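Following: one structure in structure tokens, then a few remarks.
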Amino acid sequence: MFSNLKLKLSMMGSLAAIIAITTLAATVVLSMAGASLTWVFVFIVPFFALQWYLGPKLVEKGYKVEEAGEDEYPRYHELVEELAEKSGIEKPSVMVADVEMPNAFAYGNYFTGDKVAVTKGLLKQLEWEEVEAVVGHELGHIAHDDSSYMVFLSILPAIFMIVGRMFFWSSLFGGGGDDEGQLPMIAIAAASMLIYFVLQMTIMHFSRMREYYADRHSSEVVEEGDRKLAEGLAKINESMSDLKNQKKNKQKKGVSISRRGGRRPGSGSRGFGGVGAVGLSMKPLLISDPDTAGSGGGARSDMQLVEKYAGKELSFGDRVREFFSSHPNIKKRLEAMGF
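Quick note: the sequence shown uses the working numbering, first residue 56, plus one each step.
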């Protein structure tokens with residue numbers, strides 16, 4: 056199990072690495088370019104400000120989120136109010152997402168205020184004590200101001216991606232046709248894209264640490280939070296794995312039918328568990344990443360399900376997927392909780 060000190064030091068180390076890489080890389084790229092790239096910052100910062108401003112609306116559209124009426128969801132409101140008080144934050148707006156995929160997320164900005172949402176699929180499939188722990192995790196993200204961290208950090212690799220693309224296209228169309236003019240621009244483009252990749256992976260590591268931190272928060276504000284969250288995460292992972300398998304089977308049937316000249320079933324339907332492309336592009340918000348869900352199979356008791364995932368050996372593919380994911384593999388999250 057991670058200690059709070061180890062977790063905080065790891066996050067501080069990741070943040071320091073991101074700042075150091077950005078500072079060093081900006082100095083190198085600017086010196087290679089021999090010119091100021093201030094206009095890139097002038098372009099990219101307003102772009103991310105607009106994304107931050109519109110983000111909550113996009114989330115609500117992508118996941119079909121609406122306000123959870125207190126009359127319809129009294130227990131949910133009471134839970135959020137109780138855990139918000141324990142977390143030392145104001146009660147966020149209480150929302151529900153009309154999708155079958157079991158999941159939860161926290162979002163919001165200065166203009167909308169903080170919001171916490173659970174899907175209807177989660178309310179149907181999890182026991183109430185597990186819902187408690189999941190909500191505790193999401194309130195941890197709000198208490199730690201994770202959305203602000205991630206919006207700010209996501210600007211940094213984007214700057215280098217734009218610089219890389221700018222110099223790459225300039226080398227093709229604006230180099231005057233001579234190798235001496237093109238090679239420096241290609242070098243700057245390659246360096247910028249490499250920096251983009253390194254920064255992006257470092258930020259993914261930082262994001263995974265924030266997930267552990269939110270898990271820890273849940274264990275602190277919910278009685279027996281470790282056990283409840285472990286069982287909830289295992290059920291969420293199992294359900295999403297089943298949904299992935301159902302989608303694959305539908306796609307196989309669709310290919311078979313289309314080869315015979317028929318219409319593919321479900322064409323135009325929402326992409327995964329009732330969530331379309333817009334929603335799936337916001338996976339970092341979720342408590343569990345659908346893309347890293349493990350293999351399902353067979354009904355189990357709550358603890359048997361936890362033991363199944365905690366005892367699973369991580370394959371090379373699992374480790375690669377985690378490296379590119381904003382969320383830790385469920386096995387590692389369960390290990391951090393002591394399972």
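Positions of the beta carbon are idealized from the N, C-alpha and C atoms, including for glycine. Treat the numbers as computed from the prediction; the structure is a model and nothing was measured.
Rounded C-alpha distance that separates residue i from residue j
| i | j | result |
| --- | --- | --- |
| residue 358 | residue 286 | 7 Å |
| residue 172 | residue 120 | 8 Å |
| residue 170 | residue 295 | 23 Å |
| residue 78 | residue 214 | 12 Å |
| residue 241 | residue 83 | 14 Å |
| residue 150 | residue 386 | 29 Å |
| residue 257 | residue 100 | 20 Å |
| residue 404 | residue 161 | For the chain, the structure presents residues 56 to 394; residue 404 sits outside this window and is missing. |
| residue 322 | residue 301 | Unreliable placement is indicated for residue 322, whose pLDDT of 45 sits below 50; the coordinate value is still reported in the next sentence. Those two C-alpha atoms are separated by around 14 Å. |
| residue 271 | residue 277 | 10 Å |
| residue 262 | residue 245 | 26 Å |
| residue 73 | residue 125 | 42 Å |
| residue 122 | residue 209 | 28 Å |
| residue 366 | residue 264 | 21 Å |
| residue 228 | residue 221 | 11 Å |
| residue 364 | residue 226 | 49 Å |
| residue 274 | residue 64 | 19 Å |
| residue 377 | residue 344 | 10 Å |
| residue 254 | residue 127 | 44 Å |
| residue 320 | residue 145 | Its pLDDT being 48, under 50, residue 320 is placed unreliably by the model, and the measurement read from it follows with that caveat. Roughly 46 Å between the two C-alpha positions. |
| residue 97 | residue 76 | 21 Å |
| residue 168 | residue 115 | 14 Å |
| residue 13 | residue 249 | The structure shown does not extend to residue 13, since the chain is modelled only from 56 through 394, so no value can be given for it. |
| residue 280 | residue 297 | 25 Å |
| residue 368 | residue 154 | 31 Å |
Residue range of the alpha helix (DSSP H) that includes residue i
| i | result |
| --- | --- |
| residue 121 | Careful: residue 121 lies outside any alpha helix (DSSP H), inside the beta strand (DSSP E) at 120-122. |
| residue 148 | Taken as a continuous stretch (DSSP letters only), residue 148 belongs to no alpha helix (DSSP H), being part of the beta strand (DSSP E) at 148-152. |
| residue 392 | Unbroken run through residue 392: none, as it is neither H nor E. |
| residue 372 | 371-378 |
| residue 133 | 129-142 |
| residue 361 | 357-365 |
Whole-angstrom C-beta distance between residue j and residue i, which should lie under 8 Å
| i | j | result |
| --- | --- | --- |
| residue 204 | residue 164 | Their Cβ separation, rounded to whole angstroms, is 13 Å, which puts residue 204 and residue 164 out of contact at 8 Å. |
| residue 266 | residue 382 | 5 Å |
| residue 147 | residue 174 | No, residue 147 and residue 174 are not in contact; Cβ-Cβ is about 16 Å, not under 8 Å. |
| residue 380 | residue 259 | 7 Å |
| residue 206 | residue 103 | 7 Å |
| residue 283 | residue 184 | 5 Å |
| residue 187 | residue 134 | 6 Å |
| residue 268 | residue 216 | Not really, about 27 Å apart at Cβ, beyond 8 Å. |
| residue 189 | residue 177 | 7 Å |
| residue 194 | residue 139 | 6 Å |
| residue 293 | residue 360 | 6 Å |
| residue 159 | residue 118 | Contact doesn't hold; Cβ gap of about 10 Å is too wide. |
First through last residue of the beta strand (DSSP E) which encompasses residue i
| i | result |
| --- | --- |
| residue 170 | 168-174 |
Residue(s) in a DSSP beta bridge with residue i
| i | result |
| --- | --- |
| residue 400 | Residue 400 is absent from the structure shown; the chain starts at 56 and stops at 394. |
Cutoff 8 Å: residue i Cβ touching any chain D Cβ
| i | result |
| --- | --- |
| residue 281 | No chain D appears in this structure, which consists of one protein chain only. |
*Secondary structure, alpha helix (DSSP H): runs of 4+ residues fully inside the stretch 197-250*: 201-228
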